[in-house]
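These notes are about the structure you will find just below.
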Amino acid sequence: GESVGLHLPTLSVQEGDNSIINCAYSNSASDYFIWYKQESGKGPQFIIDIRSNMDKRQGQRVTVLLNKTVKHLSLQIAATQPGDSAVYFCAGSKGSYIPTFGRGTSLIVHP
Amino acid sequence: DVKVTQSSRYLVKRTGEKVFLECVQDMDHENMFWYRQDPGLGLRLIYFSYDVKMKEKGDIPEGYSVSREKKERFSLILESASTNQTSMYLCASRPGTGGYNQPQHFGDGTRLSIL
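If you read the sequences in order, they're chains A and B.
Each residue of the first sequence is one higher than the one before, starting from 1 at the first, in the numbering used here.
Each residue of the second sequence is one higher than the one before, starting from 112 at the first, in the numbering used here.
Have a look at this one:
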């Protein structure tokens with residue numbers, strides 16, 4: 001099965017800096033990856049996804065990079081704001097199977 | 112926007128009680144899921160349903176059952192609540208995949224305490 005893990009449980013950054021949250025996965029057959037943001041007292045909220053036929057995908061202030069060679073993906077947040085403070089989860093799956101979630105990285109943004 | 116609504120934000124029950132957690136989605140999604148979220152353990156899948164009246168066990172189904180009588184509603188049942196079932200419960204839905212995968216949409220959770 002799939003195993004997904006985040007590299008750091010906590011990441012602290014200054015407001016305005018760029019943030020990079022990393023995630024590793026174990027199943028080389030995984031072909032779909034998702035990043036979620038979970039604010040305190042709320043459920044996970046979809047941020048961005050990427051399929052294995054892509055190396056990079058950009059959204060509004062966020063970029064996801066996928067390195068299939070080393071089975072690693074990252075979420076980059078540009079110009080981090082206090083409202084970005086949350087727990088970020090990556091999830092990976094193969095095809096239509098149920099995604100496996102990492103344990104989350106808590107992003108703390110200092111003003 | 113997809114709306115996944117969980118009936119209670121906070122719930123306190125007693126050991127041995129039968130507990131019902133309700134979840135409703137408004138986007139005609141085929142797939143629905145129940146997770147529990149505990150510190151240090153992340154999200155763990157309890158049960159999921161691909162469609163009405165269908166259910167599949169997830170990673171930790173023991174002590175739980177589910178019901179999917181209508182497409183929009185997925186209920187989680189704790190047959191006889193125990194203190195180790197104190198947790199945050201999250202419901203999610205997703206369209207039928209039909210090829211490429213799609214993200215799940217989550218409710219805001221029910222924080223359940225069993226005394």
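Note that CB positions come from ideal geometry on N, CA and C, so glycine has one too.
Can you check whether the C-beta of A/Y32 is within less than 8 angstroms of a C-beta belonging to chain B? As a working note, residue 32 of chain A is residue 32 in the first sequence. So, interface residue.
Find the nearest neighbour of B/R147 within the set B/Q215, B/S198, B/K124, B/S191, judged by alpha-carbon distance. Start at 1 with the first residue of the second sequence, and residue 147 of chain B comes out as number 36. If we check each option's Cα against that of B/R147, B/S198 comes out closest.
In three-state DSSP terms, what is B/N142? Taking the second sequence and counting its residues from 1, the one referred to as residue 142 of chain B is at position 31. The answer is strand: DSSP assigns B/N142 an E or B state.
Measuring straight from C-alpha to C-alpha, what distance separates A/I50 and B/P214? Within the first sequence, the letter at position 50 stands for residue 50 of chain A. Within the second sequence, the letter at position 103 stands for residue 214 of chain B. If you draw a straight line from the Cα of A/I50 to the Cα of B/P214, it is about 10 angstroms long.
Cβ neighbours of A/I72 in the same chain (closer than 6 angstroms, five flanking residues each side left out): Translated into positions along the first sequence, residue 72 of chain A becomes position 72. Strictly speaking, residue 72 of chain A in this sequence is His, with Ile absent from that position. If we look at A/H72 and ignore the five residues flanking it on each side, its Cβ neighbours are A24.
Does chain B have any CB closer than 8 angstroms to the CB of A/I108? For the purposes of this step, residue 108 of chain A is taken as the residue at position 108 of the first sequence. For A/I108, the answer is no, since every Cβ of chain B falls outside 8 angstroms of its Cβ.
Contacts that A/G102 makes with chain B (C-beta to C-beta distance below 7 angstroms): Locating residue 102 of chain A in the first sequence gives position 102, where the first residue counts as 1. The answer, in chain order, is G153.
Does the distance from the C-beta atom of B/S224 to that of B/H216 stay below 8 angstroms? Within the second sequence, residue 224 of chain B is the residue found at index 113, counting from 1. Within the second sequence, residue 216 of chain B is the residue found at index 105, counting from 1. Taking 8 angstroms as the Cβ cut-off, B/S224 and B/H216 do not qualify as a contacting pair.
CB contact below 8 angstroms: B/P172 versus chain A: On the second sequence, residue 172 of chain B is found 61 positions in, with the first residue counted as 1. Cβ-Cβ to chain A under 8 angstroms: no for B/P172.
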